[in-house]
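Here the structure is laid out as C-alpha cells; the discussion comes afterwards.
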Amino acid sequence: MEVAVRRDGRAAIVEVRGEVDLYTSPKMREALVGLTNGKAPAVLVDLSHVEYMDSSGVATLVEGLQLARQYGGQFKLAGLAPAIRNVFRFARLEKVFDIYDDTPAALEALR
Amino acid sequence: MSESFRIELSSSPRLLQVVRAVVSQYGRLLALGEDETFRLKTAVDEACANVIRHSYGGDPGQPIVLTFTVSDDRLEILVRDFGTKPDPQRLKPQREDQAKPGGLGLPLILSVMDEVAYDLSPEKGSALRMVKYLRGRDGE
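Keeping their order, the protein sequence lines are chains A and B.
Following my numbering, the numbering of the first sequence begins with 1 at its first residue and continues without gaps.
Following my numbering, the numbering of the second sequence begins with 1001 at its first residue and continues without gaps.
Now the structure itself:
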C-alpha cells in the first residue's frame, strides 16, 4: 500500500493506493494523524486506487474523522469503488462520512 | 461430494494478504462471482484479523488454522486459534458452547456469511465457524 499527501488550496489530499488492512492501515493512520495534529483545515482521502479495505482501514478513517472534528476541520472521502463502499455500508458507517464520487467533486464541495 | 483443504499460518498481519489471495482463488474455483468472492475474502480477513488482535494480542508468531470444506450446497470455513477465548460476556449465546462474535468486523462477517458461530469448547483457544450457502453458482 502507498500513501501520498498533496495540497490543493486549503485541502490536504491523502492519496491511498493498494490494499488497506491490519498490516498496512498504520501507514494511512500516520498520514492522517500528522495532518490532524497540524490542524489541516480540510482533509480529503482519495480512495479511488484502493482495491481492498477491511475494518481496520475503516476504523482508521473513523479516527481521522474524529480527530478533524475536534478542531473543527473537515474530513471527506472520495472515489470509493462499489466493493469498498459496501465495506462501509456493512460496517454501518457509510452515513458517518461525507463521501464523494471523485476528488474534483469533493474539492468543489470544499470551496 | 465433499472437498476440503487446510492452511496454517502464523498470526502475522502481513500474511493476511496471502489468506485473501487464497480465498480469491477458491472463490473463482467455486464460481462465486466477483462480488461474492470479494465479500467472502472480507469475512475471512476479518476473522483472521480478530484472532491476531484479540486471541493473540498482536503476537505475530502464533498459529491460525483455516479449514475450508465444500459439501453439497455449502461452504464451511473454520478459523481455529489457540489463544485467549472471546469474552463470553460480550457474546450472545446461541447454544451452550457457541456464541456470535463481537467487534467492529462482526457486521462485515455477518453480512457475508449465512451462519456464524464461535465454538468455545476446545480446551485451548476457540474456533469460528462460518458457513456460506452456495446458491445459484455458475460452475460445476
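Just so you know, even glycine gets a beta-carbon here, dropped at the ideal spot from N, CA and C.
Any beta carbon of chain A sitting closer than 8 Å to that of residue i?
i, result
"PRO1107/B", "yes"
"THR1069/B", "no"
"ASP1035/B", "yes"
"ASP1045/B", "yes"
"SER965/B", "A question about residue 965/B goes unanswered here, because the residues of chain B that appear run from 1001 up to 1140."
"ILE1052/B", "yes"
"SER1055/B", "no"
"SER1126/B", "no"
"SER1002/B", "no"
Taking all protein chains shown into account, do 16 or more other C-beta atoms lie within 10 angstroms of the C-beta of residue i, making it buried, or fewer, making it exposed?
i, result
"VAL14/A", "buried"
"LYS39/A", "exposed"
"MET1001/B", "exposed"
"PHE88/A", "buried"
"GLU1046/B", "buried"
Quick one: list the residues of chain A neighbouring residue i, beta-carbon separation under 9 Å, in chain order.
i, result
"ALA1021/B", "By Cβ distance, chain A contributes nothing, its closest Cβ being about 10 Å from ALA1021/B, past 9 Å."
"PHE1005/B", "Residues of chain A passing the Cβ test: none, with the nearest at roughly 22 Å."
"GLN1017/B", "GLU19, ASP21, TYR23, THR24, TYR52"
Give the interface partners of residue i over in chain A, defined as CB-CB distance under 7 Å, in chain order.
i, result
"ARG1014/B", "TYR23"
Any beta carbon of chain B sitting closer than 8 Å to that of residue i?
i, result
"PHE90/A", "yes"
"VAL14/A", "no"
"VAL87/A", "yes"
"LYS95/A", "no"
"PHE56/A", "Strictly speaking, residue 56/A in this sequence is Ser, with Phe absent from that position. Closer than 8 Å: yes."
"ALA31/A", "no"
"ALA83/A", "yes"
Please list, in chain order, all residues of the same chain as residue i whose beta carbon is under 7 Å from its beta carbon, the five residues on each side excluded.
i, result
"SER1024/B", "THR1037, LYS1041"
"MET1113/B", "ALA1043, MET1130, VAL1131, LYS1132"
List the residues of chain A whose Cβ lies closer than 8 Å to the Cβ of residue i, in chain order.
i, result
"SER1121/B", "Within chain A, no residue comes near SER1121/B; the closest Cβ sits about 27 Å away, beyond 8 Å."
"ALA1049/B", "ASP21, LEU22, ASP54, SER55, SER56"
Any beta-carbon of chain C closer than 8 Å to the one on residue i?
i, result
"THR1084/B", "You won't find chain C in this structure, because its protein chains are A and B."
Can you give me the Cβ contacts of residue i inside the same chain, cut-off strictly under 6 Å, excluding the 5 residues immediately before and after it?
i, result
"THR36/A", "LEU67, ALA68"
"GLY57/A", "VAL20, SER25"
By the criterion of Cβ-Cβ separation under 7 Å, what are the contact partners of residue i in chain B?
i, result
"ALA105/A", "Simply none; closest approach about 25 Å."
Unbroken beta strand (DSSP E) runs of length 3 or more, entirely within the segment 1001-1085 of chain B: which are they? Listed in chain order, the complete beta strand (DSSP E) runs (minimum 3 residues) inside the segment 1001-1085 of chain B are 1002-1010, 1063-1071, 1074-1081.
task: Could you tell me which uninterrupted beta strand (DSSP E) segments, each at least 3 residues in length, are contained entirely in the segment 60-107 of chain A, listed from first to last along the chain?
output: Complete beta strand (DSSP E) runs here, min 3: 74-78, 98-100.
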